[in-house]
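Undergrad: This is the structure I want to talk about, given as C-alpha coordinates.
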Amino acid sequence: MKKEISILIVDDHPIFRRGLHNIIELEQNMHVVGDVADGEAAIEFLKNHAADVVILDLDMPRMNGLEFAQVVKKNNIPVKIIILTMHKEEQLFNRAMDLGICGFVSKENAATEIAEGIRSVMNGKHYVCSMFSNFLLHRSSYSSAHPKQVNGFDLLTTAERNVLKLIAENMSSKKIAEKLSISPKTVDNHRTNICSKLNIHGSHALLRFLLENKSLL
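Counted from 1, the sequence shown has number 58 at position 3 by the working numbering; the numbering is strictly sequential.
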(Lines of atoms letter the chains of each structure in order from A and count residues from 1; the text may use other names and numbers.)
(Lines give C-alpha, C1' and ligand atoms only; values in the text may rest on other atoms or scores of the structure.)
Protein backbone atom coordinates (compact mmCIF):
# COMPACT_ATOMS: atom_id res chain seq x y z
CA MET A 1 0.00 0.00 0.00
CA LYS A 2 1.36 3.41 -0.96
CA LYS A 3 2.18 5.92 1.75
CA GLU A 4 -0.55 8.50 2.23
CA ILE A 5 0.54 11.96 1.08
CA SER A 6 -0.08 14.64 3.71
CA ILE A 7 -0.98 18.07 2.36
CA LEU A 8 -1.22 21.57 3.84
CA ILE A 9 -3.32 24.17 1.97
CA VAL A 10 -2.35 27.84 2.39
CA ASP A 11 -4.71 30.44 0.90
CA ASP A 12 -6.44 33.51 2.32
CA HIS A 13 -9.80 32.70 0.68
CA PRO A 14 -11.71 30.23 2.90
CA ILE A 15 -14.14 29.14 0.17
CA PHE A 16 -11.27 28.31 -2.19
CA ARG A 17 -9.48 26.41 0.60
CA ARG A 18 -12.58 24.36 1.33
CA GLY A 19 -13.15 23.56 -2.34
CA LEU A 20 -9.54 22.48 -2.84
CA HIS A 21 -9.70 20.47 0.38
CA ASN A 22 -12.73 18.54 -0.90
CA ILE A 23 -11.13 17.87 -4.30
CA ILE A 24 -7.92 16.48 -2.77
CA GLU A 25 -9.75 14.30 -0.25
CA LEU A 26 -11.43 12.48 -3.18
CA GLU A 27 -8.02 11.23 -4.32
CA GLN A 28 -6.58 7.94 -3.13
CA ASN A 29 -3.60 8.11 -0.75
CA MET A 30 -3.96 11.87 -0.20
CA HIS A 31 -5.01 13.58 3.00
CA VAL A 32 -5.29 17.26 3.89
CA VAL A 33 -3.72 17.67 7.33
CA GLY A 34 -4.55 21.36 7.60
CA ASP A 35 -5.56 24.56 5.82
CA VAL A 36 -4.50 28.05 6.92
CA ALA A 37 -4.86 31.60 5.62
CA ASP A 38 -1.28 32.88 5.28
CA GLY A 39 2.41 32.04 5.34
CA GLU A 40 2.95 32.87 9.01
CA ALA A 41 0.18 30.49 10.04
CA ALA A 42 1.69 27.84 7.75
CA ILE A 43 5.11 28.14 9.39
CA GLU A 44 3.51 27.81 12.83
CA PHE A 45 1.54 24.78 11.65
CA LEU A 46 4.68 23.06 10.35
CA LYS A 47 6.40 23.52 13.71
CA ASN A 48 3.95 21.04 15.22
CA HIS A 49 2.66 18.97 12.29
CA ALA A 50 4.28 17.12 9.40
CA ALA A 51 3.28 17.68 5.79
CA ASP A 52 4.72 16.30 2.56
CA VAL A 53 3.34 18.98 0.27
CA VAL A 54 2.31 22.61 0.81
CA ILE A 55 -0.14 24.03 -1.73
CA LEU A 56 0.45 27.75 -1.57
CA ASP A 57 -1.17 30.94 -2.83
CA LEU A 58 1.20 33.78 -3.78
CA ASP A 59 -0.86 36.79 -2.68
CA MET A 60 -1.60 36.61 1.05
CA PRO A 61 -1.48 39.00 4.02
CA ARG A 62 1.20 38.88 6.74
CA MET A 63 3.51 36.55 4.80
CA ASN A 64 3.04 35.96 1.07
CA GLY A 65 3.92 32.83 -0.87
CA LEU A 66 7.46 33.85 -1.85
CA GLU A 67 8.27 34.94 1.71
CA PHE A 68 7.04 31.57 2.97
CA ALA A 69 9.19 29.74 0.41
CA GLN A 70 12.21 31.79 1.50
CA VAL A 71 11.70 30.73 5.14
CA VAL A 72 11.28 27.09 4.11
CA LYS A 73 14.49 27.21 2.08
CA LYS A 74 16.48 29.02 4.76
CA ASN A 75 15.42 26.60 7.50
CA ASN A 76 15.55 23.42 5.38
CA ILE A 77 11.94 22.54 6.23
CA PRO A 78 11.31 19.18 4.48
CA VAL A 79 8.24 20.01 2.39
CA LYS A 80 7.61 20.29 -1.32
CA ILE A 81 5.82 23.46 -2.45
CA ILE A 82 3.25 23.83 -5.21
CA ILE A 83 2.25 27.38 -6.10
CA LEU A 84 -1.35 28.17 -7.02
CA THR A 85 -1.77 31.54 -8.69
CA MET A 86 -3.73 33.68 -11.12
CA HIS A 87 -0.55 35.60 -12.05
CA LYS A 88 0.95 35.00 -15.48
CA GLU A 89 4.20 36.94 -15.04
CA GLU A 90 7.42 35.25 -16.14
CA GLN A 91 9.51 37.20 -13.64
CA LEU A 92 7.32 35.97 -10.79
CA PHE A 93 7.56 32.41 -12.10
CA ASN A 94 11.37 32.60 -12.18
CA ARG A 95 11.58 34.06 -8.68
CA ALA A 96 9.43 31.19 -7.41
CA MET A 97 11.53 28.56 -9.17
CA ASP A 98 14.72 30.14 -7.82
CA LEU A 99 13.38 29.49 -4.32
CA GLY A 100 13.09 25.77 -4.98
CA ILE A 101 9.36 25.59 -5.61
CA CYS A 102 8.49 22.27 -7.25
CA GLY A 103 5.12 22.94 -8.86
CA PHE A 104 3.27 25.79 -10.54
CA VAL A 105 -0.48 25.47 -11.18
CA SER A 106 -2.98 28.07 -12.36
CA LYS A 107 -5.88 28.53 -9.96
CA GLU A 108 -8.37 28.24 -12.81
CA ASN A 109 -6.99 24.76 -13.58
CA ALA A 110 -6.52 23.63 -9.99
CA ALA A 111 -9.52 21.29 -9.91
CA THR A 112 -8.21 19.20 -12.81
CA GLU A 113 -4.44 19.48 -12.32
CA ILE A 114 -3.69 19.63 -8.60
CA ALA A 115 -3.71 15.86 -7.97
CA GLU A 116 -1.34 15.23 -10.89
CA GLY A 117 0.88 18.03 -9.60
CA ILE A 118 1.03 16.52 -6.12
CA ARG A 119 1.95 13.08 -7.45
CA SER A 120 4.63 14.54 -9.73
CA VAL A 121 6.44 16.50 -7.02
CA MET A 122 6.24 13.54 -4.65
CA ASN A 123 8.00 11.50 -7.36
CA GLY A 124 10.84 14.00 -7.39
CA LYS A 125 9.75 15.83 -10.54
CA HIS A 126 8.78 19.42 -11.25
CA TYR A 127 5.19 20.05 -12.31
CA VAL A 128 4.35 23.11 -14.38
CA CYS A 129 0.88 23.38 -15.88
CA SER A 130 0.50 24.11 -19.59
CA MET A 131 -0.26 27.80 -18.98
CA PHE A 132 3.30 28.31 -17.73
CA SER A 133 5.13 25.82 -19.96
CA ASN A 134 6.74 28.56 -22.09
CA PHE A 135 8.21 30.10 -18.95
CA LEU A 136 9.89 26.79 -18.18
CA LEU A 137 11.38 26.67 -21.68
CA HIS A 138 12.91 30.11 -21.10
CA ARG A 139 14.53 29.14 -17.78
CA SER A 140 17.99 28.44 -19.21
CA SER A 141 18.28 31.87 -20.81
CA TYR A 142 16.95 33.49 -17.64
CA SER A 143 19.57 31.70 -15.52
CA SER A 144 22.36 32.89 -17.79
CA ALA A 145 21.12 36.47 -17.68
CA HIS A 146 20.56 36.43 -13.90
CA PRO A 147 23.48 34.48 -12.42
CA LYS A 148 23.09 36.13 -9.05
CA GLN A 149 20.05 37.64 -7.35
CA VAL A 150 20.44 40.20 -4.58
CA ASN A 151 19.59 38.52 -1.29
CA GLY A 152 16.13 39.57 -0.15
CA PHE A 153 15.10 41.25 -3.42
CA ASP A 154 12.76 38.39 -4.28
CA LEU A 155 10.82 39.09 -1.08
CA LEU A 156 9.67 42.53 -2.23
CA THR A 157 5.98 42.86 -2.99
CA THR A 158 4.70 44.42 -6.21
CA ALA A 159 3.82 47.60 -4.32
CA GLU A 160 7.31 47.79 -2.81
CA ARG A 161 8.90 47.31 -6.24
CA ASN A 162 6.77 50.12 -7.66
CA VAL A 163 7.91 52.43 -4.86
CA LEU A 164 11.52 51.35 -5.37
CA LYS A 165 11.40 52.24 -9.07
CA LEU A 166 10.15 55.73 -8.25
CA ILE A 167 12.79 56.18 -5.55
CA ALA A 168 15.33 55.33 -8.26
CA GLU A 169 13.94 58.30 -10.21
CA ASN A 170 14.84 60.44 -7.18
CA MET A 171 11.21 61.19 -6.33
CA SER A 172 10.26 62.28 -2.82
CA SER A 173 7.78 60.36 -0.67
CA LYS A 174 5.21 63.09 -1.32
CA LYS A 175 5.61 62.84 -5.09
CA ILE A 176 5.53 59.04 -4.99
CA ALA A 177 2.36 59.17 -2.89
CA GLU A 178 0.69 61.45 -5.44
CA LYS A 179 1.72 59.29 -8.39
CA LEU A 180 0.54 56.03 -6.78
CA SER A 181 -2.54 57.56 -5.09
CA ILE A 182 -1.44 56.47 -1.61
CA SER A 183 -0.51 58.40 1.51
CA PRO A 184 3.06 59.61 2.22
CA LYS A 185 2.96 57.49 5.40
CA THR A 186 2.28 54.38 3.29
CA VAL A 187 5.26 55.27 1.09
CA ASP A 188 7.46 55.62 4.17
CA ASN A 189 6.22 52.24 5.43
CA HIS A 190 7.17 50.72 2.07
CA ARG A 191 10.63 52.32 2.35
CA THR A 192 11.08 50.80 5.80
CA ASN A 193 9.97 47.35 4.62
CA ILE A 194 12.23 47.52 1.57
CA CYS A 195 15.27 48.41 3.69
CA SER A 196 14.44 45.65 6.16
CA LYS A 197 14.10 42.97 3.47
CA LEU A 198 17.28 44.08 1.69
CA ASN A 199 19.15 44.51 4.99
CA ILE A 200 19.95 48.13 4.11
CA HIS A 201 20.80 50.63 6.84
CA GLY A 202 21.65 54.33 6.77
CA SER A 203 20.05 57.48 5.36
CA HIS A 204 21.53 57.20 1.85
CA ALA A 205 22.05 53.43 1.72
CA LEU A 206 18.90 52.80 -0.34
CA LEU A 207 20.00 55.21 -3.07
CA ARG A 208 23.44 53.59 -3.15
CA PHE A 209 21.78 50.18 -3.50
CA LEU A 210 19.72 51.46 -6.44
CA LEU A 211 22.78 52.87 -8.17
CA GLU A 212 24.62 49.57 -7.80
CA ASN A 213 21.68 47.36 -8.83
CA LYS A 214 19.87 49.21 -11.61
CA SER A 215 19.54 46.00 -13.60
CA LEU A 216 17.13 44.55 -11.02
CA LEU A 217 14.47 47.22 -11.53
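The beta-carbon is built from N, C-alpha and C at its ideal position, and this holds for glycine as well.
1. Could you compute how far the alpha carbon of F148 sits from the alpha carbon of I169?
2. Using a threshold of 7 Å, state whether the C-beta atoms of S61 and A106 are closer than that.
3. Which ranges does the alpha helix (DSSP H) cover as unbroken runs of at least 4 residues, wholly within the region 244–270, from first to last along the chain?
4. Relative to the C-alpha of I110, which residue among L139, N130, H104 is closest?
5. Can you give me the start and stop residues for the alpha helix (DSSP H) that L210 sits inside?
6. What's the call for I70, buried or exposed, on a 16-neighbour Cβ count within 10 Å?
7. May I ask you to report which of helix, strand or coil DSSP gives V134?
8. Quick one: using the 10 Å Cβ neighbour count with 16 as the cut-off for buried, is G155 buried or exposed?
9. Under a three-way DSSP split, which group does L154 fall into?
10. To the nearest angstrom, report how far apart H245 and L210 are at their CA atoms.
11. In three-state terms, what does DSSP make of G120?
12. Whose CA, out of E80, F100, G94, K180, lies closest to the CA of L113?
TA: Taking the geometry as given:
1. 17 Å
2. yes
3. 260–267
4. L139
5. Careful: L210 lies outside any alpha helix (DSSP H) and carries neither H nor E.
6. exposed
7. coil
8. exposed
9. coil
10. 13 Å
11. helix
12. G94
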